[in-house]
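Peer 1:
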Amino acid sequence: MTATVLILNGDDYEDLELHYPRLRLIEAGYRTALVGAQAGAQHRSKHGYPSHNDCALSDVRATDFAGIVLPGGWMPDKLRRNAHVLELVRAFDKQGKLVASICHGPWIAISAGVVRGKTYTGSLGIKDDLVNAGARFVDQSVAVDGCHVSSRKPDDLPDFMAASLVTLNARHQQAR
Numbered sequence: 055m056t057a058t059v060l061i062l063n064g065d066d067y068e069d070l071e072l073h074y075p076r077l078r079l080i081e082a083g084y085r086t087a088l089v090g091a092q093a094g095a096q097h098r099s100k101h102g103y104p105s106h107n108d109c110a111l112s113d114v115r116a117t118d119f120a121g122i123v124l125p126g127g128w129m130p131d132k133l134r135r136n137a138h139v140l141e142l143v144r145a146f147d148k149q150g151k152l153v154a155s156i157c158h159g160p161w162i163a164i165s166a167g168v169v170r171g172k173t174y175t176g177s178l179g180i181k182d183d184l185v186n187a188g189a190r191f192v193d194q195s196v197a198v199d200g201c202h203v204s205s206r207k208p209d210d211l212p213d214f215m216a217a218s219l220v221t222l223n224a225r226h227q228q229a230r
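Under our numbering, read the sequence shown as residues 55 to 230, first letter to last.
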């Protein structure tokens, strides 16, 4: 059975940081599930592109997925206030499953309390947030620390997804 990767979805997501990972995961043979507050809800990206939730946050558990992608945009600032989102990210981290975040996506990992002692990158605008949360910040296209993969911006998406797929494939093979 093919593994599924959860991708967080909400208003003001960064277009490329949601759709590029979704398409690359599908291309690599994974299923994806866009998840937000309500199943079937439509969200608009920062640039107006629509996306629809496949399922509701309240209906998902980390045990049912191979990993999670935390896209950027302004969406992470809203979603990190949702206790279920934070519980999900903590569960993925605890289970050693992929936690992939890009741009402002690490805000969610920060609020979940899973970045302390890890090497991370992200938008330069959240560098201080990462450092203050105990992460080692690096200004490079991708940072990999165990099951955590992070990147800075849309230009880094090829490196982000290459590293995410290596991490995801390794973790998925171990779980089999």
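Ideal Cβ placement from N, Cα and C applies to all residues, glycine included.
So, helix, strand or coil for Phe119, using DSSP?
Peer 2: Here Phe119 sits in coil by DSSP.
Peer 1: Identify, in the order they occur along the chain, each residue of the same chain with its Cβ nearer than 6 Å to the Cβ of Lys172, setting aside the five sequence neighbours on each side.
Peer 2: Result list for Lys172: Ala189, Asp199 and His202, in chain order.
Peer 1: Does DSSP put Gln194 in a helix, in a strand, or in coil?
Peer 2: In this structure, Gln194 counts as coil in the three-state DSSP scheme.
Peer 1: What's the call for Ile80, buried or exposed, on a 16-neighbour Cβ count within 10 Å?
Peer 2: When all chains shown are included, Ile80 counts as exposed.
Peer 1: Where Val59 and Val192 are concerned, what is the direct C-alpha to C-alpha distance, given to the nearest angstrom?
Peer 2: Distance between the alpha carbons of Val59 and Val192: 26 Å.
Peer 1: Relative to the C-alpha of Ser218, which candidate in Lys151, Val143 and Ala91 has its C-alpha closest?
Peer 2: Ranking the options by Cα distance to Ser218, first place goes to Lys151.
Peer 1: Considering only residues of the same chain and omitting the five flanking positions on each side of Ala154, which have a CB-CB separation below 6 Å?
Peer 2: Around Ala154: Val123, Val203 and Ser218.
Peer 1: Based on the DSSP output, what are the partners of Ala87 in its beta bridges?
Peer 2: DSSP, once it has assigned bridges, lists Leu60 as partnering Ala87.
Peer 1: Cα separation between Leu111 and Gln194?
Peer 2: One C-alpha to the other measures close to 31 Å.
Peer 1: Bridge partners of Gln92, per DSSP?
Peer 2: Paired residue(s): none; Gln92 is not in a bridge.
Peer 1: Do the CB positions of Arg76 and Thr86 come within less than 8 Å of each other?
Peer 2: Yes, these two residues count as a Cβ contact at 8 Å.
Peer 1: Please determine whether the Cβ atom of Ala216 lies at a distance below 7 Å from any heavy atom of the ligand ZN.
Peer 2: By its list of ligands, the structure shown contains no ligand whatsoever, and the ligand ZN lies outside what it can speak to.
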